[in-house]
Amino acid sequence: MAHVASAAETLEEKLTQELGYDDHFHEHHHGDKFQSNFLTHYIFSTDHKMIARQFLITGMFWAFIGAGMSIIFRLQLGFPEADLAWLRPLLGKWIQVNEAGIGKLDPEFYYALVTMHGTILVFFVLTAGLSGTFSNLLIPLQVGARDMASPLLNSFSYWAFFLAGVVMFLSLFLSTGPFSGGWTAYPPLSALPQASDGSGAGMTMWIVSMALFVVSVLLGGVNYITTVLNLRTKGMNMWRMPLTIWAFFVTAILGLLSFPVLLSGVFLLMFDRSMGTSFYLNEIVVGGEVLDRIGGSPILYQHLFWFLGHPEVYIIILPAMGIVSEVLSVHARKPIFGYRAMVFSILAIAFLSFIVWAHHMFMSGVNPFISNFFVIFTLIIAVPSAVKVFNWISTIYGSNLRFNSASLFAVGFVSMFISGGLTGIFLGNSAIDIQLHDTYFVVAHFHIVMGIAAFFGMFAGIYHWFPKMFGRFMNETLGKVHFWGTLVGAYAIFWPMHYTGMAGVPRRYYSIDNFESFKHFTELNQYITIAAIVVFFLQVLFMVNFFYSIFSGRKLTVKNPWGANSLEWTTPIEPGHGNWPNNIPTVQRWAYDYGKNGEEFIPQYIPLKEGEHDHGH
Amino acid sequence: MIQTVSKQYNRNKIHPHKFALWVAIGSIIMMFVSITSAYVVRRASGNWYEFKLPDIFFLNTLVIVASSVTLQLSYNAFVKGREKMYKSMMLSTLVLGLAFVVLQYQGWVALDAMGATFTINPSSSFVYVISGMHAAHVLGGVAALIVALIHAFSLPYKPTQRRKDRFSLVVQYWHFVDVLWVYLIGFFMLQS
Ligand code: HEM
Ligand SMILES: [Cu+2]
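Same order as they appear, the protein sequences are chains A and B.
So for the first sequence, the working numbering puts the first residue at 1; every next one is plus one.
So for the second sequence, the working numbering puts the first residue at 1; every next one is plus one.
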């Protein structure tokens with residue numbers, strides 16, 4: 001094995017030498033002299049690989065905080081009678097202890113927790129942590145570029161994200177608590193500082209944090225798009241790009257077109273809050289006091305928000321889809337089934353995602369005739385989604401899939417995406433949505449299709465590219481425990497929510513025990529909470545594995561441990577600044593020549609044989 | 001095979017930074033498209049206070065268009081080696097740019113004086129917010145222009161490719177905020 005590998009590597013070196021593109025890299029060692037001390041190497045780095053790791057580890061920090069919050073509000077939901085006084089050291093005054101010494105979670109803070117959980121997971125973890133990490137790591141490596149188009153703006157992108165996080169984190173410690181009006185921040189709760197505890201300083205900090213976050217997304221996106229279109233190596237035409245790159249590329253376009261809309265929406269909100277305008281306010285009464293704010297419409301905010309919000313869910317899932325396509329193909333040792341169909345369905349999903357936003361507003365009083373339009377396009381999204389699912393299954397079908405943590409999570413992704421996509425079709429029908437809107441059915445839908453699926457894509461990517469990021473492997477046994485536990489646990493948590501939702505249990509309620517019709521769900525709720533706690537600890541296990549492996553995992557000894565075709569595996573085991581020490585390899589074929597002409601895999605730098613047909617034409 | 005490869009390989013047709021700026025402009029456009037759509041949607045639902053835009057805004061349109069012309073002249077002079085023209089035209093652009101921002105402020109004062117105050121109705125609030133957002137983008141251009149001016153007056157005059165590229169970024173952005181304003185003023189006129 002080692003012998004074969006080293007023979008392959010000499011061939012690779014020979015080919016990069018002969019065919020590679022010489023951009024005179026080593027003649028001007030820009031960068032290296034700036035990469036020398038601890039501060040510039042680890043903290044203010046402009047190297048895309050370091051920025052990727054910064055995004056990943058910051059994202060993991062937020063995942064831990066966000067998931068921890070969900071455990072606290074799940075305790076309230078599953079065990080409303082329980083004594084939570086033991087949480088006082090952590091939550092302080094948010095646990096109200098009565099004379100009998102019984103501690104209760106403050107209802108206001110419950111809403112704050114739900115809001116922060118949603119905001120953190122959607123934006124900080126599944127947007128920055130997922131697309132930030134892998135776009136940064138893989139775009140230059142897989143298209144054959146020395147770095148991003150603008151490494152400096154790229155590092156600003158990380159630091160804007162970091163600052164967004166700092167502001168949000170500080171808001172957790174406000175005496176009035178962080179924002180508590182839901183991650184969608186609908187007015188009037190978000191527009192009137194006096195509307196609730198969290199609507200004051202908490203909401204102000206939420207806005208500042210989001211504005212910084214949008215800056216981060218835009219700076220990153222400009223870079224990703226420019227790098228993909230301008231800095232591809234010789235021979236890397238668009239049809240030869242791995243599907244990961246297609247996914248990151250389209251994701252960045254979605255982000256650039258939709259996040260500015262959120263910015264304008266939030267901008268107007270700011271004026272309503274502090275300057276007395278009434279973009280979103282009309283005839284409001286707060287605590288018996290009639291406000292003189294007239295002329296606005298809260299629905300306007302919903303339009304602006306969901307014009308971002310729906311593309312945002314695809315900003316989250318597309319990178320995961322790209323990662324899964326790549327990981328499945330490599331470990332199935334088969335070309336991805338229907339490469340072009342995959343690309344076109346990514347494009348179709350991206351396009352459609354801009355014309356379905358009002359399916360979140362069927363119950364907000366939008367005109368039913370307009371709803372019909374959105375029903376139709378919403379249901380059409382199921383078509384490209386189904387094409388992708390079909391192609392993943394066909395890729396696995398009849399293959400010798402290697403069962404490792406990376407490929408298992410990729411398969412798990414497909415399972416989650418199917419389960420959650422199906423419930424989307426129910427919700428997309430405006431008539432059925434009358435019953436299901438704002439119930440646990442919606443919670444089940446989006447956690448399975450977006451939350452868990454995107455996490456699975458992220459895990460697949462982490463296990464697969466960990467060797468590239470840290471030069472070591474993660475522990476496989478722990479990885480498999482992590483996978484099976486999380487797969488079963490995630491279904492255990494979210495599957496029952498479909499039933500409670502169909503029965504009408506509303507989402508975001510502090511307690512449902514006061515409703516006679518929901519009393520029989522008490523035990524089900526306890527069981528969900530227990531499952532959530534178990535799954536939480538499985539993620540802690542993953543984090544232990546992750547950090548342990550960075551320092552003491554099994555060392556990588558060959559450049560290309562998985563036998564993959566794409567260019568990142570031609571860089572040295574610990575690639576330095578500029579990625580390739582000498583020439584950049586040129587690309588001779590598409591990225592998916594697995595099991596072709598009796599060869600197990602043919603990397604992209606190997607020239608085509610006489611008369612050999614290339615898919616990437 | 002080498003042949004086909006070299007044919008596909010034509011990167012740097014457009015400078016990556018220039019391209020990146022186009023992409024960024026695309027996203028700024030989305031911001032203004034969304035806010036003007038919000039205007040249209042809000043207007044359609046009634047309770048809309050009608051008023052006429054003060055003339056200052058039209059005068060200002062001339063100012064910003066003129067500033068685009070002077071900046072283009074400056075760039076052309078830079079490329080053709082006419083140093084004096086390059087510097088004077090750039091300076092004129094800065095003056096016109098600042099004049100635009102000041103006049104925009106005068107426009108708000110005039111709006112307020114005629115009763116279309118900031119908070120009276122979304123119809124006027126929108127005008128303040130949209131023109132304010134645009135003015136902020138102009139100020140960004142002014143900052144870039146000041147950097148270009150510092151280059152122009154402190155560095156020895158040398159029209160290298162690198163300096164041309166950098167200057168053309170400023171020009172590209174400046175023309176964009178100009179066109180953006182023309183779109184916005186046209187939009188307001190059509191709507192009222
Ligand atoms: C077959 C495709 C899909 C359809 C037809 C669909 C449809 C819907 C509909 C109609 C709603 C609104 C339900 C309501 O509030 O009453 C909804 C909610 C949601 N969907 Fe989907 N969906 C699909 C796929 C996805 C995917 C792929 C994601 C994310 C990756 C996603 C994420 C969400 C989220 C986050 C919400 C809830 C937002 C909230 O109110 O907090 N959906 N979906
Ligand atoms: Cu949606």
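Ideal placement from N, C-alpha and C gives every residue a C-beta, glycine not left out.
Test: residue i CB closer than 8 angstroms to a CB of chain B
i, result
"A/Q604", "no"
"A/G20", "no"
"A/A149", "yes"
"A/G611", "no"
"A/L218", "yes"
"A/I584", "no"
"A/P188", "no"
"A/L567", "no"
"A/L11", "no"
"A/G276", "yes"
"A/L135", "The question names Leu, but residue 135 of chain A in the sequence shown is Ser. Not one chain B Cβ lies under 8 angstroms of A/S135."
"A/F337", "no"
Alpha helix (DSSP H) segment containing residue i, residue limits
i, result
"A/E312", "P298 to A332"
"A/G103", "That residue, A/G103, is in no alpha helix (DSSP H); its beta strand (DSSP E) goes G103 to L105."
"A/K596", "Looking at the DSSP string, A/K596 is not in any alpha helix (DSSP H); the run it does join, the beta strand (DSSP E), is Y594 to K596."
"A/E523", "T522 to S552"
"A/P140", "T133 to V143"
"A/N391", "P368 to I396"
"B/A113", "E83 to A113"
"A/E476", "E476 to M502"
"A/S345", "Y339 to L352"
"B/P122", "P122 to S154"
Terminal residues of the beta strand (DSSP E) in which residue i lies
i, result
"B/Q72", "Element bounds for B/Q72: not the beta strand (DSSP E) but the alpha helix (DSSP H), I56 to K80."
"A/E600", "E599 to F601"
"A/V97", "I95 to V97"
Environment of residue i [buried if 16+ CB atoms lie within 10 Å]
i, result
"B/M114", "exposed"
"A/M116", "buried"
"A/F403", "exposed"
"A/T10", "exposed"
"A/N367", "exposed"
"A/G66", "buried"
"A/G428", "buried"
"A/N391", "buried"
"A/N582", "exposed"
"A/S517", "exposed"
"B/D178", "buried"
Min CB distance residue i to chain A below 8 angstroms
i, result
"B/V109", "no"
"B/R42", "yes"
"B/F167", "no"
"B/S27", "yes"
"B/I146", "no"
"B/M31", "yes"
"B/T119", "yes"
"B/P16", "yes"
"B/I193", "For chain B, the structure presents residues 1 to 192; residue 193 of chain B sits outside this window and is missing."
Cα-Cα separation between residue i and residue j, rounded to whole angstroms
i, j, result
"A/L608", "A/R589", "7 angstroms"
"A/T395", "A/D593", "13 angstroms"
"B/V69", "B/V95", "13 angstroms"
"A/L408", "A/G479", "9 angstroms"
"A/L262", "A/K596", "47 angstroms"
"A/I284", "B/I28", "33 angstroms"
"A/Q302", "A/A358", "9 angstroms"
"A/I533", "A/V343", "38 angstroms"
"A/H28", "A/G578", "Residue placement at A/H28 cannot be trusted, given a pLDDT of 48 that sits under 50; the coordinates are not used to answer."
"B/F167", "A/M60", "41 angstroms"
"A/M236", "A/Y548", "37 angstroms"
"B/W108", "B/A99", "14 angstroms"
"A/A211", "A/K14", "49 angstroms"
"A/W569", "A/N560", "5 angstroms"
Positions along the stretch 295 to 309 of chain A whose CB lies within less than 8 angstroms of some CB in chain D: Absent from the structure is chain D; the protein chains it does hold are A and B.
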